[in-house]
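Mapped onto numbering that gives the first Met the number 0, the consecutive letters of the sequence shown carry residue numbers 0 to 309.
Cβ atoms here follow ideal geometry from the backbone N, Cα and C, with glycine treated the same way.
In this text, all values refer to a predicted model and were calculated from it rather than measured experimentally.
Here's the structure we're looking at; comments come further down.
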Amino acid sequence: MRVIRTAAAQLGAIQRADSRQAVVARMIRLMDEAASQDADFIVYPELALTTFFPRWHHENRAEADHWFEREMPGEATRPLFERAKALNMAMSFGFAELTPEGRHFNTSILVDRAGAIVGTYRKVHLPGHVEFDPERTHQHLEKRYFEPGDLGFPVWRFLGGIFGMCICNDRRWPETYRVMGLQGVEMVVLGFNTPSVNSQKGEEKLGKRLFHHRLSVQSGAYQNATWVVAVAKAGDEDGHHLMGGTCIVDPDGEIVAEIEGEADAVVVHPCDLDATRFGKETIFDFKRHRRVEHYGRITAQVGTELPLAE
Ligand code: CDV
Numbered sequence: 000m001r002v003i004r005t006a007a008a009q010l011g012a013i014q015r016a017d018s019r020q021a022v023v024a025r026m027i028r029l030m031d032e033a034a035s036q037d038a039d040f041i042v043y044p045e046l047a048l049t050t051f052f053p054r055w056h057h058e059n060r061a062e063a064d065h066w067f068e069r070e071m072p073g074e075a076t077r078p079l080f081e082r083a084k085a086l087n088m089a090m091s092f093g094f095a096e097l098t099p100e101g102r103h104f105n106t107s108i109l110v111d112r113a114g115a116i117v118g119t120y121r122k123v124h125l126p127g128h129v130e131f132d133p134e135r136t137h138q139h140l141e142k143r144y145f146e147p148g149d150l151g152f153p154v155w156r157f158l159g160g161i162f163g164m165c166i167c168n169d170r171r172w173p174e175t176y177r178v179m180g181l182q183g184v185e186m187v188v189l190g191f192n193t194p195s196v197n198s199q200k201g202e203e204k205l206g207k208r209l210f211h212h213r214l215s216v217q218s219g220a221y222q223n224a225t226w227v228v229a230v231a232k233a234g235d236e237d238g239h240h241l242m243g244g245t246c247i248v249d250p251d252g253e254i255v256a257e258i259e260g261e262a263d264a265v266v267v268h269p270c271d272l273d274a275t276r277f278g279k280e281t282i283f284d285f286k287r288h289r290r291v292e293h294y295g296r297i298t299a300q301v302g303t304e305l306p307l308a309e
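Here's what the structure looks like:
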């Protein structure tokens with residue numbers, strides 16, 4: 000058995016006016032709670048340090064730079080790293096990254112028990128739009144503020160297993176999990192900020208949104224025989240509601256731990272990485288069963304190509 004006691008640490012709403020320091024204090028409280036349940040590893044949401052700022056339109060793009068981190072850890076986040084190290088706890092969280100070259104990414108990191116950043120992932124599937132869209136009930140300007148991740152979907156040897164990351168909208172794409180599955184991933188961790196209504200389809204409400212979320216993470220886990228830990232930022236942010244749905248999914252695709260509600264909360268589950276073996280050695284033994292000669296379209300084309308008309 001290779002058991003990692005994994006804490007999914009949901010954050011409730013973060014308002015536009017909330018400081019990084021206040022958010023980090025909340026994250027430390029969740030970490031202390033996870034430590035009291037003997038967690039080895041804690042996972043926080045996407046863009047954990049701020050409100051979900053891509054809902055706010057800035058005509059001058061540079062005005063959004065204050066939402067970004069220029070260094071990690073920085074002044075505000077150092078206490079989180081120090082507490083994690085003191086508790087001997089590994090962690091993962093998301094933040095907006097502004098590189099020294101001036102590039103903007105929606106990023107998450109893996110931090111080992113000694114407080115060292117050992118893995119960086121930059122969100123590949125950016126949803127939303129570039130320009131203000133008056134037709135939508137709310138804006139989703141990730142394509143305005145970030146460029147697509149340039150690091151692919153790597154995995155890391157971490158905590159005695161093989162770990163990967165993705166971020167929010169990535170979880171809806173089977174390619175995300177399969178690229179990591181092909182590297183033997185045993186646990187995928189991800190954070191999300193998902194509005195509880197569809198900005199372009201008003202009748203699509205919370206129940207359907209949660210169903211699509213669970214469908215995505217459960218199928219990704221099952222089809223690649225991996226644990227998936229999916230962590231929400233939830234609740235009402237300045238009048239904009241984000242759904243909950245934080246959960247831990249086992250390699251059979253079953254939800255084994257879940258958080259009810261939308262407040263700051265932690266759930267800890269003993270995730271045995273050896274539980275991935277059966278699926279990887281039987282029905283999803285890729286080496287024996289995959290037929291790549293038929294998968295060319297997956298990487299050769301982006302959009303749908305219809306058959307010729309009759
Ligand atoms: N932060 C996200 O990537 N949110 C998307 C929105 C567009 C619904 C998501 O896929 O959950």
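With DSSP as the reference, please indicate the residues paired to residue 105 in a beta bridge.
-> Bridge partners of residue 105: 95.
Pick from 224, 249, 208, 222: whose alpha carbon is nearest that of residue 231?
-> The shortest C-alpha separation from residue 231 is found at 208.
Would you list the one or two residues that DSSP bridges to residue 197?
-> Checking the DSSP bridge columns, you'll see residue 197 partnered with 200.
Touching or not, the region 95 to 109 and the region 60 to 74, by the rule of three or more beta carbon pairs under 8 Å?
-> yes
Locate the beta strand (DSSP E) running through residue 9, then write down its first and last residues.
-> 2 to 9
State the start and end residues of the unbroken beta strand (DSSP E) segment that holds residue 123.
-> For residue 123, there is no enclosing beta strand (DSSP E), as DSSP marks it with neither H nor E.
Residue 191: CB within 7 Å of a non-hydrogen atom of ligand 1 = yes
Measure the alpha-carbon distance for residue 147 versus residue 77 and round it to whole angstroms.
-> 27 Å
Output yes or no for whether 8 Å exceeds the beta carbon distance between residue 38 and residue 5.
-> yes
Report the rounded CA-to-CA distance for residue 164 versus residue 269, giving the unit in angstroms.
-> 19 Å
With distances taken Cα to Cα, identify the nearest neighbour of residue 74 among 261, 203, 23, 154.
-> Just measuring C-alpha positions, the residue of 261, 203, 23, 154 sitting nearest residue 74 is 23.
Is the beta carbon of residue 167 within less than 7 Å of some heavy atom of ligand 1?
-> Because some heavy atom of ligand 1 lies under 7 Å away, the Cβ of residue 167 counts as near it: yes.
Return helix, strand or coil for residue 206, following the three-state DSSP convention.
-> Residue 206 falls in the helix class under three-state DSSP.
Between residue 242 and the rest of its own chain, which residues show a CB-CB distance below 8 Å, the 5 nearest in sequence each way excluded?
-> 193, 194, 195, 205, 208, 209, 212, 231, 233, 261
Any heavy atom of ligand 1 within a distance shorter than 7 Å of the CB on residue 171?
-> Yes, ligand 1 has a heavy atom inside 7 Å of this Cβ.
Which one of 2, 10, 0 has the shortest CA to CA distance from residue 350?
-> This structure leaves residue 350 out entirely; the chain is present only between 0 and 309.
Kindly list the residues whose CB is nearer than 6 Å to the CB of residue 45, restricted to its own chain and excluding five residues on each side of it in sequence; keep chain order.
-> Only 93, 166, 167, 190, 191, 192 meet the Cβ criterion.
What are the residues that DSSP puts in a beta bridge with residue 272?
-> Residue 272 is not bridged to any residue.
DSSP three-state assignment for residue 45, whether helix, strand or coil | Here DSSP, grouped into helix, strand and coil, assigns residue 45 to coil.
With 16 other Cβ atoms within 10 Å as the buried cut-off, status of residue 293 = exposed
Residue 331 - DSSP class collapsed to helix/strand/coil | Residue 331 lies beyond the stretch modelled for the chain, which goes from 0 to 309, so this question has no answer here.
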